Amino acid sequence: MNEIIVLAEEVRACRQCRLSRYCKNQIAGEGTEAADVMFVLQSPGWVEDRDDAVAVGWSGQFLQACVNSLDLEPSQVYITNLIKCYPGRIKGKGEKPPPDFALKACADWLEAEIAIVNPKLIVAVGLPVAKWFGIKGGINSIAAIPFETKYGMVMPIRSATMLFRRKEDVPKFFTELKAVTTFLSGGSPLPARGNVRDALDLMMVPPFIGADIETEDDKIWCLGVGSSTG
């Protein structure tokens with residue numbers, strides 16, 4: 001039995017904090033030990049709690065469908081959550097954010113997953129997850145940029161929940177997903193948004209044919225560089 005299966009069984013038996021008393025299931029991550037990329041979401045939703053599976057609610061299904069559209073094999077992807085128990089809902093306001101005691105209790109589980117899988121890239125889905133990894137700044141300034149952390153390389157992206165509130169951000173989200181595959185294939189990471197000098201330096205790397213720069217509020221949001229015709 002491999003380590004990730006053993007860990008999943010331990011997660012399902014976890015009683016380290018009181019949140020486990022109120023959920024139906026402790027949701028373990030899913031994927032293989034050989035995964036190249038680990039997507040870390042914030043917490044299970046009520047559908048995940050009901051079905052005892054990761055990323056099967058509407059936001060998780062949306063992310064799964066987007067990931068499946070990338071040039072990645074299923075064996076390359078591992079998906080998990082910061083906390084393993086459903087945190088419940090606030091009437092009229094949606095799901096509760098993970099409480100601090102649960103984040104503390106579940107840290108050992110996530111750290112164990114990272115140690116076993118040892119992914120080339122961790123994708124922090126949403127700003128709260130990025131902050132857990134010690135990444136500072138708003139989502140517009142950190143999304144699609146790989147950061148070196150004590151856990152390895154971490155790249156924040158927007159969450160599906162954010163997209164349903166701000167549909168105009170959907171194109172940015174797909175650009176961020178593309179940055180994941182670019183990183184995994186050894187491509188150049190995106191420069192920090194607003195850093196024009198870094199953007200120009202990247203454009204000058206041969207072979208260079210053309211470029212397209214998208215801006216928002218006078219800051220660089222996306223830089224596309226062409227290195228071949230057709």
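Just so you know, UniProt numbering puts the end of the sequence shown at 230, numbered straight through with nothing missing.
C-beta: ideal position from N, C-alpha, C; glycine also.
None of the values given here were measured: they were computed from a predicted structure.
{"Item": "contact_flag[the region 66-78, the region 89-96] where n(CB pairs < 8 Å) is 3 or more", "Value": "no"}
{"Item": "Bridge partner(s) assigned by DSSP for L121", "Value": "V37"}
{"Item": "Continuous alpha helix (DSSP H) stretch holding V11: start and end", "Value": "3-12"}
{"Item": "Under the three-state DSSP convention, the category F147 falls into", "Value": "strand"}
{"Item": "Burial state of Y22, where buried means 16 or more other Cβ atoms lie within 10 Å", "Value": "exposed"}
{"Item": "Burial state of K84 (16 or more Cβ within 10 Å)", "Value": "buried"}
{"Item": "As assigned by DSSP and simplified to three states, the class of Q16", "Value": "coil"}
{"Item": "Where N140 falls: helix, strand or coil (DSSP)", "Value": "helix"}
{"Item": "Residue environment, I157, which counts as buried when at least 16 other CB atoms sit within 10 Å", "Value": "buried"}
{"Item": "Residue span of the alpha helix (DSSP H) that contains S60, given as start and end", "Value": "Going by the sequence as given, residue 60 is Gly instead of Ser. Counting along the chain, the alpha helix (DSSP H) containing G60 begins and ends at 58-68."}
{"Item": "Spatial distance of A107 from P74 (CA atoms)", "Value": "25 Å"}
{"Item": "Close beta carbons around L82, own chain, < 8 Å, minus the five adjacent residues each side", "Value": "V40, L41, Q42, S43, P98, L103, C106, L110, P128, V129, W132"}
{"Item": "Alpha carbon of G57 to alpha carbon of S185, nearest angstrom", "Value": "30 Å"}
{"Item": "Chain-order list of residues whose beta-carbon lies under 7 Å from that of E33 (same chain, five-residue window excluded)", "Value": "N2, E3, I4, I116, V117"}
{"Item": "Outcome for A13 when other beta-carbon atoms lying within 10 angstroms are tallied against a minimum of 16", "Value": "exposed"}
{"Item": "Q64 versus D169, G187, S159, residue with shortest Cα-Cα distance", "Value": "S159"}
{"Item": "Cβ contact check for the region 137-147 and the region 47-61: 3 or more pairs under 8 Å", "Value": "no"}
{"Item": "With 16 other Cβ atoms within 10 Å as the buried cut-off, status of Q61", "Value": "exposed"}
{"Item": "Other residues of its chain near A124: CB distance less than 6 Å, five sequence neighbours each side excluded", "Value": "V40, A130, F133, V154, P156"}
{"Item": "Pick from D36, R89, I114, Q76 that is closest to A28, judged by C-alpha positions", "Value": "I114"}
{"Item": "Under 9 Å between C-beta atoms of T175 and A144", "Value": "yes"}
{"Item": "Any C-beta of chain B under 9 Å from that of S185", "Value": "You won't find chain B in this structure, because it holds only one protein chain."}
{"Item": "Euclidean distance between Cα positions of V6 and K120", "Value": "22 Å"}
{"Item": "First and last residue of the uninterrupted alpha helix (DSSP H) at P87", "Value": "Per DSSP, P87 belongs to no alpha helix (DSSP H) and is neither H nor E."}
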